[in-house]
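Input: a single structure, listed below in C-alpha cells.
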Ligand code: PGA
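Numbering (our numbering), first residue to last: 7 to 254.
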C-alpha cells in the first residue's frame, strides 16, 4: 500500500549539461519502473534537468529550500522559485547540511513546514552518527530528530522520511537490512506515538547510505523500508537504474 520511492541525491555534482545527459540516459532504463523515481539535483541544474524530465516518469527534486517566502537571505532559494521550475520534491536536513552548514532540528522543522505549505514534497533526513550508535544513543537521537523536525506537521503522509545512518553515507558501509528495517520500524513507532498510528502506517520511509544495485533488492525486501535515497550510485544512469529496477 506504500508505493516505493527511489530518489537520487546528486549532492554537489554535475553541470546542467551533464545532469540533462544523465536524465536522458536514465529515462529509457526506468520507463517501466513500479516505484516513484526522483532525482534531487543542484540548484544550478534544475532548469536543464526539468526540461529533460518532461513527459517521463522521472520526477525532479531539489536539495534544500529556505523557509522564508522571499527577502534578504543571500544565497538562499525559496519554495516558489523551485515550484516555478517544476520541482516537486525537496531534501531537507541531510546530514551533510547538519554537519557542515549548521542545520538544526529547528531549521529542518521550519523548512519542512514551508515546503509542505507550498505543496513541495519534503524528503526529511534523519540519522545517527557512529558515535551515537556506539554509545547507545540511536533511538534518543532519532526520536528527537523526528519529533522536533516534524513538529506541527498536519498530514505526515505528505512527506517522505529518509533514515540515513551517518556512518553509512558515502563510506561503502551499509547498515544490514535487518538493522535498517528495525530502525525504520522504530521511526514509524515514534511517528505513531507523536502523530497518528494511521499516518505512521501510510508514511513512506526510505533507507539511505551506500545503497546500490547489489544491495537494493535485499534492503527493499524488508517490510519497513519503502525506498532509498541514493548518493554515489545515482551519479551514473546505469547504476541508478539498477537500484530503481531492484525488483526486476
Ligand atoms: P551514498 O549517499 O549513497 O553515497 O551513501 C546517500 C545520501 O547521502 O543520501
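A virtual CB, placed ideally from N, CA and C, is assigned to each residue, including glycine.
Closest option to residue 119, judged by alpha-carbon separation, among 150, 157 and 137: 157. The C-beta separation of residue 150 from residue 111 comes to about 7 Å, placing the pair in contact by the 8 Å criterion.
Of the heavy atoms belonging to the ligand PGA, at least one sits nearer than 7 Å to the Cβ of residue 170. Taken through DSSP and simplified to helix, strand or coil, residue 203 comes out as helix.
For residue 203, the number of other beta carbons within 10 angstroms of its own is below 16, and it is reported as exposed.
By the neighbour-count criterion, in which a residue is buried when 16 or more other Cβ atoms sit within 10 angstroms of its Cβ, residue 251 is buried. When the beta-carbon positions are compared, residue 83 and residue 49 come within less than 8 Å of each other. With contacts defined as CB atoms closer than 8 Å, residue 64 and residue 20 fail to qualify as a contacting pair. In this structure, DSSP gives residue 228 a state outside helix and strand, which the three-state scheme calls coil.
Taking C-alpha positions only, residue 136 is separated from residue 114 by approximately 21 Å.
With fewer than 16 other beta carbons inside 10 angstroms of its own, residue 80 counts as exposed.
Annotated as proximal: residue 246 and residue 14, with beta-carbon spacing under 8 Å. In the structure shown, the three-state DSSP call for residue 169 is strand. When the five nearest sequence neighbours on each side are left out, the beta carbons in the same chain lying within less than 6 Å of the beta carbon of residue 208 are those of 163, in order along the chain. Of all alpha-carbon atoms in 31, 155, 96 and 142, the one lying nearest the alpha-carbon of residue 68 is that of 96. Beta bridge pairing from DSSP links residue 149 with no other residue.
Assignment of beta strand (DSSP E) within the segment 57-86, counting only whole runs of 3 or more residues, yields 64-68 in chain order. Of the heavy atoms belonging to the ligand PGA, none sits nearer than 7 Å to the Cβ of residue 32.
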